[in-house]
Amino acid sequence: MIKWLKRLVLLGFIGILVILLMNFAVQQKSKGKTFDTVAEVPAKKVGLLLGTGKLIRGKWINLFYKYRIEAAVALYKSGKIKYILISGDNSREGYDEPTSMKEDLMKAGVPESAIVLDYAGFRTLDSVVRCKKVFGEEDIIVISQKFHNERAIYLAEHFNIRAVGYNAKSISGKYGLKVQLREYLARVKVFVDILFKVKPKFLGKKIEIK
-14 MIKWLKRLVL
-4 LGFIGILVIL
6 LMNFAVQQKS
16 KGKTFDTVAE
26 VPAKKVGLLL
36 GTGKLIRGKW
46 INLFYKYRIE
56 AAVALYKSGK
66 IKYILISGDN
76 SREGYDEPTS
86 MKEDLMKAGV
96 PESAIVLDYA
106 GFRTLDSVVR
116 CKKVFGEEDI
126 IVISQKFHNE
136 RAIYLAEHFN
146 IRAVGYNAKS
156 ISGKYGLKVQ
166 LREYLARVKV
176 FVDILFKVKP
186 KFLGKKIEIK
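Shown next as C-alpha coordinates:
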(Lines of atoms letter the chains of each structure in order from A and count residues from 1; the text may use other names and numbers.)
(Lines give C-alpha, C1' and ligand atoms only; values in the text may rest on other atoms or scores of the structure.)
Protein backbone atom coordinates (compact mmCIF):
# COMPACT_ATOMS: atom_id res chain seq x y z
CA MET A 1 0.00 0.00 0.00
CA ILE A 2 2.78 2.43 0.91
CA LYS A 3 4.63 1.58 -2.32
CA TRP A 4 1.53 2.39 -4.37
CA LEU A 5 1.08 5.68 -2.54
CA LYS A 6 4.69 6.60 -3.21
CA ARG A 7 4.25 5.78 -6.89
CA LEU A 8 1.10 7.87 -7.10
CA VAL A 9 2.84 10.80 -5.43
CA LEU A 10 5.78 10.45 -7.82
CA LEU A 11 3.51 10.29 -10.86
CA GLY A 12 1.60 13.31 -9.61
CA PHE A 13 4.83 15.24 -9.14
CA ILE A 14 6.03 14.31 -12.63
CA GLY A 15 2.67 15.32 -14.11
CA ILE A 16 2.76 18.73 -12.44
CA LEU A 17 6.37 19.23 -13.55
CA VAL A 18 5.48 18.42 -17.17
CA ILE A 19 2.55 20.86 -17.10
CA LEU A 20 4.77 23.61 -15.67
CA LEU A 21 7.49 22.97 -18.27
CA MET A 22 4.99 23.14 -21.12
CA ASN A 23 3.56 26.35 -19.71
CA PHE A 24 7.08 27.79 -19.46
CA ALA A 25 7.83 26.82 -23.07
CA VAL A 26 4.74 28.66 -24.32
CA GLN A 27 5.59 31.75 -22.27
CA GLN A 28 9.17 31.81 -23.51
CA LYS A 29 8.18 31.38 -27.16
CA SER A 30 5.80 34.33 -26.95
CA LYS A 31 8.01 36.52 -24.77
CA GLY A 32 8.16 40.07 -26.08
CA LYS A 33 5.45 39.36 -28.66
CA THR A 34 2.35 40.43 -26.75
CA PHE A 35 1.46 44.06 -26.12
CA ASP A 36 -0.80 45.84 -23.64
CA THR A 37 -1.12 49.22 -25.40
CA VAL A 38 -2.10 50.10 -28.95
CA ALA A 39 0.96 52.32 -29.35
CA GLU A 40 3.31 49.34 -28.89
CA VAL A 41 1.67 47.07 -31.46
CA PRO A 42 3.22 46.94 -34.95
CA ALA A 43 0.75 47.70 -37.74
CA LYS A 44 -0.41 44.73 -39.82
CA LYS A 45 -3.08 44.04 -42.39
CA VAL A 46 -5.18 41.60 -40.34
CA GLY A 47 -6.12 41.18 -36.71
CA LEU A 48 -7.26 37.66 -35.82
CA LEU A 49 -10.00 38.07 -33.22
CA LEU A 50 -10.43 34.80 -31.33
CA GLY A 51 -14.05 34.01 -30.60
CA THR A 52 -15.82 33.32 -27.34
CA GLY A 53 -19.45 33.29 -26.24
CA LYS A 54 -21.16 36.60 -25.51
CA LEU A 55 -23.20 35.39 -22.55
CA ILE A 56 -22.50 33.28 -19.49
CA ARG A 57 -25.34 30.88 -18.70
CA GLY A 58 -27.44 32.81 -21.16
CA LYS A 59 -27.78 35.76 -18.77
CA TRP A 60 -24.63 37.73 -18.05
CA ILE A 61 -22.20 39.39 -20.42
CA ASN A 62 -18.96 37.45 -20.71
CA LEU A 63 -16.24 39.99 -19.88
CA PHE A 64 -13.70 38.06 -21.92
CA TYR A 65 -15.98 38.70 -24.90
CA LYS A 66 -16.58 42.35 -24.03
CA TYR A 67 -12.90 43.16 -23.63
CA ARG A 68 -11.92 41.37 -26.85
CA ILE A 69 -14.44 43.45 -28.77
CA GLU A 70 -13.05 46.63 -27.20
CA ALA A 71 -9.48 45.58 -28.07
CA ALA A 72 -10.35 44.87 -31.70
CA VAL A 73 -12.16 48.20 -32.03
CA ALA A 74 -9.19 50.07 -30.54
CA LEU A 75 -6.76 48.44 -32.98
CA TYR A 76 -8.94 49.16 -35.99
CA LYS A 77 -9.70 52.77 -35.09
CA SER A 78 -6.03 53.46 -34.41
CA GLY A 79 -5.14 52.26 -37.90
CA LYS A 80 -3.07 49.34 -36.66
CA ILE A 81 -5.13 46.85 -38.69
CA LYS A 82 -7.19 47.11 -41.88
CA TYR A 83 -9.29 43.99 -41.40
CA ILE A 84 -10.63 41.99 -38.48
CA LEU A 85 -10.85 38.25 -39.09
CA ILE A 86 -13.27 36.87 -36.50
CA SER A 87 -12.67 33.17 -35.95
CA GLY A 88 -15.10 31.36 -33.71
CA ASP A 89 -17.51 28.52 -33.13
CA ASN A 90 -20.75 28.14 -35.07
CA SER A 91 -21.18 24.40 -34.62
CA ARG A 92 -24.67 24.27 -33.16
CA GLU A 93 -28.01 25.92 -33.71
CA GLY A 94 -28.46 29.17 -31.86
CA TYR A 95 -24.76 29.60 -31.11
CA ASP A 96 -22.77 31.81 -33.47
CA GLU A 97 -19.67 33.52 -32.07
CA PRO A 98 -18.50 35.20 -35.32
CA THR A 99 -21.84 36.79 -36.17
CA SER A 100 -22.38 38.01 -32.61
CA MET A 101 -18.93 39.59 -32.57
CA LYS A 102 -19.47 41.15 -35.99
CA GLU A 103 -22.68 42.80 -34.84
CA ASP A 104 -21.01 44.30 -31.79
CA LEU A 105 -18.00 45.49 -33.77
CA MET A 106 -20.31 47.27 -36.19
CA LYS A 107 -22.23 48.85 -33.31
CA ALA A 108 -18.89 50.20 -32.10
CA GLY A 109 -18.15 51.80 -35.48
CA VAL A 110 -16.17 49.18 -37.42
CA PRO A 111 -17.49 49.04 -41.02
CA GLU A 112 -18.80 45.74 -42.34
CA SER A 113 -16.30 45.92 -45.20
CA ALA A 114 -13.45 45.56 -42.66
CA ILE A 115 -14.85 42.40 -41.06
CA VAL A 116 -14.29 38.84 -42.27
CA LEU A 117 -15.92 35.83 -40.64
CA ASP A 118 -14.48 32.37 -40.08
CA TYR A 119 -17.25 30.10 -38.82
CA ALA A 120 -14.98 27.09 -38.32
CA GLY A 121 -12.70 28.39 -35.58
CA PHE A 122 -13.76 25.64 -33.21
CA ARG A 123 -10.43 25.71 -31.36
CA THR A 124 -7.44 28.00 -31.26
CA LEU A 125 -5.52 25.56 -33.46
CA ASP A 126 -8.29 25.67 -36.07
CA SER A 127 -8.38 29.48 -35.99
CA VAL A 128 -4.63 29.86 -36.40
CA VAL A 129 -4.15 27.25 -39.13
CA ARG A 130 -7.22 28.36 -41.10
CA CYS A 131 -5.94 31.93 -40.98
CA LYS A 132 -3.05 30.76 -43.15
CA LYS A 133 -4.48 27.83 -45.11
CA VAL A 134 -7.90 29.31 -45.93
CA PHE A 135 -7.46 33.08 -45.71
CA GLY A 136 -3.82 33.26 -46.82
CA GLU A 137 -2.63 35.44 -43.94
CA GLU A 138 0.80 34.67 -42.49
CA ASP A 139 1.59 37.90 -40.62
CA ILE A 140 -1.07 38.76 -38.05
CA ILE A 141 -2.03 40.36 -34.76
CA VAL A 142 -3.90 37.96 -32.49
CA ILE A 143 -6.56 39.62 -30.35
CA SER A 144 -7.50 37.97 -27.06
CA GLN A 145 -6.44 37.96 -23.42
CA LYS A 146 -2.69 37.60 -22.82
CA PHE A 147 -2.73 33.95 -21.71
CA HIS A 148 -4.69 33.03 -24.86
CA ASN A 149 -2.48 35.15 -27.11
CA GLU A 150 0.60 33.37 -25.81
CA ARG A 151 -0.83 29.98 -26.77
CA ALA A 152 -1.98 31.24 -30.16
CA ILE A 153 1.47 32.68 -30.90
CA TYR A 154 3.11 29.39 -29.98
CA LEU A 155 0.83 27.58 -32.42
CA ALA A 156 1.30 30.23 -35.09
CA GLU A 157 5.07 29.95 -35.01
CA HIS A 158 4.86 26.17 -35.20
CA PHE A 159 2.87 26.57 -38.42
CA ASN A 160 5.25 29.23 -39.81
CA ILE A 161 2.97 32.19 -39.20
CA ARG A 162 4.41 35.47 -37.96
CA ALA A 163 2.23 36.60 -35.08
CA VAL A 164 2.13 39.09 -32.23
CA GLY A 165 -0.67 39.55 -29.73
CA TYR A 166 -2.65 42.53 -28.55
CA ASN A 167 -3.80 41.81 -25.03
CA ALA A 168 -7.44 42.49 -24.26
CA LYS A 169 -8.13 43.41 -20.66
CA SER A 170 -7.85 40.45 -18.30
CA ILE A 171 -10.48 39.25 -15.85
CA SER A 172 -9.79 39.03 -12.13
CA GLY A 173 -11.70 37.22 -9.43
CA LYS A 174 -13.00 33.67 -9.24
CA TYR A 175 -14.13 33.37 -12.86
CA GLY A 176 -10.91 34.77 -14.28
CA LEU A 177 -8.85 32.42 -12.10
CA LYS A 178 -10.90 29.42 -13.22
CA VAL A 179 -10.31 30.21 -16.88
CA GLN A 180 -6.60 30.76 -16.41
CA LEU A 181 -6.25 27.46 -14.53
CA ARG A 182 -7.89 25.71 -17.49
CA GLU A 183 -5.28 27.36 -19.66
CA TYR A 184 -2.59 25.12 -18.16
CA LEU A 185 -4.40 22.07 -19.52
CA ALA A 186 -5.03 23.81 -22.84
CA ARG A 187 -1.28 24.30 -23.20
CA VAL A 188 -0.68 20.61 -22.60
CA LYS A 189 -3.20 19.95 -25.39
CA VAL A 190 -1.12 22.16 -27.71
CA PHE A 191 1.84 19.80 -27.36
CA VAL A 192 -0.36 16.73 -27.77
CA ASP A 193 -1.88 18.18 -30.95
CA ILE A 194 1.54 19.02 -32.35
CA LEU A 195 2.91 15.58 -31.47
CA PHE A 196 0.03 13.81 -33.22
CA LYS A 197 -0.14 16.33 -36.08
CA VAL A 198 -3.77 17.20 -35.43
CA LYS A 199 -5.38 19.25 -38.20
CA PRO A 200 -8.35 21.64 -38.19
CA LYS A 201 -11.78 20.03 -38.41
CA PHE A 202 -12.45 21.85 -41.69
CA LEU A 203 -10.34 23.70 -44.24
CA GLY A 204 -12.10 24.31 -47.56
CA LYS A 205 -11.51 26.66 -50.47
CA LYS A 206 -9.33 29.73 -50.11
CA ILE A 207 -10.85 33.11 -49.29
CA GLU A 208 -8.84 36.24 -50.03
CA ILE A 209 -9.07 39.13 -47.59
CA LYS A 210 -9.14 42.38 -49.56
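Numbering (the numbering used here), first residue to last: -14 to 195.
Glycine is no exception: its CB is placed at the ideal position from the N, C-alpha and C atoms.
If you're wondering where the values come from, they're calculated on a predicted model, not measured in any experiment.
CB-CB under 7 angstroms to residue i, same chain, minus the five flanking residues each way: which ones, in chain order?
{"i": "Val95", "result": "Val58, Tyr61, Ile69"}
{"i": "Glu161", "result": "Looking at the sequence itself, residue 161 is Gly, so the reference to Glu does not match. Here the set comprises Ser155."}
{"i": "Leu140", "result": "Thr109, Leu110, Val113, Val175"}
{"i": "Phe107", "result": "Asp74, Ser76, Lys186"}
{"i": "Tyr169", "result": "Ile4, Asn8"}
What residue range does the beta strand (DSSP E) around residue i cover?
{"i": "Ile125", "result": "124 to 130"}
{"i": "Ser72", "result": "68 to 72"}
{"i": "Ile100", "result": "100 to 103"}
{"i": "Gly150", "result": "147 to 153"}
As a quick exercise: from the options, pick the residue whose alpha carbon is nearest that of residue i.
{"i": "Ala171", "options": "Asn8, Ile(-13), Leu(-10)", "result": "Asn8"}
{"i": "Lys87", "options": "Tyr80, Ile100, Asn75", "result": "Ile100"}
{"i": "Asn152", "options": "Ser129, Arg136, Glu142", "result": "Ser129"}
{"i": "Lys29", "options": "Lys190, His143, Glu123", "result": "Glu123"}
{"i": "Tyr50", "options": "Lys44, His133, Thr37, Leu5", "result": "Thr37"}
{"i": "Val164", "options": "Lys190, His133, Val183", "result": "His133"}
{"i": "Lys184", "options": "Ile1, His143, Glu25, Thr19", "result": "His143"}
{"i": "Val149", "options": "Lys65, Gly79, Ala93", "result": "Lys65"}
{"i": "Ala24", "options": "Ser63, Glu135, Leu188", "result": "Ser63"}
{"i": "Gly189", "options": "Ala105, Lys159, Phe181", "result": "Ala105"}
{"i": "Tyr80", "options": "Gly0, Lys195, Val177, Leu40", "result": "Leu40"}
{"i": "Ser15", "options": "Arg167, Trp45, Gly0, Arg147", "result": "Arg147"}
I need the straight-line Cα distance from residue i to residue j, nearest angstrom please.
{"i": "Asn145", "j": "Met(-14)", "result": "50 angstroms"}
{"i": "Lys131", "j": "Ser157", "result": "13 angstroms"}
{"i": "Pro27", "j": "Lys(-9)", "result": "51 angstroms"}
{"i": "Ala56", "j": "Ala137", "result": "16 angstroms"}
{"i": "Met91", "j": "Glu193", "result": "21 angstroms"}
{"i": "Arg53", "j": "Leu34", "result": "7 angstroms"}
{"i": "Ala93", "j": "Leu(-7)", "result": "53 angstroms"}
{"i": "Gly43", "j": "Val127", "result": "27 angstroms"}
{"i": "Glu78", "j": "Lys18", "result": "36 angstroms"}
{"i": "Ile46", "j": "Trp(-11)", "result": "47 angstroms"}
{"i": "Asp89", "j": "Lys191", "result": "26 angstroms"}
Beta-carbon within less than 8 angstroms of residue i's beta-carbon, same chain only, minus the 5 sequence neighbours each way: which residues are those?
{"i": "Val3", "result": "Val173"}
{"i": "Ser103", "result": "The residue asked about is misnamed: residue 103 is Asp in this sequence, not Ser. Same-chain partners within the cutoff: Leu70, Ile71, Ser72, Gly73, Pro83, Ser112, Arg115, Cys116, Val119, Phe120."}
{"i": "Leu(-4)", "result": "none"}
{"i": "Gln12", "result": "Glu135"}
Provide the residue span of the alpha helix (DSSP H) that contains residue i, from first to last.
{"i": "Arg(-8)", "result": "-13 to 14"}
{"i": "Lys117", "result": "109 to 118"}
Please go through the region 155 to 184 and give each complete alpha helix (DSSP H) segment of 4 or more residues, from N-terminal end onward.
158 to 180
Runs of beta strand (DSSP E) wholly within the region 27 to 92 (minimum 3 residues, chain order)
31 to 35, 68 to 72
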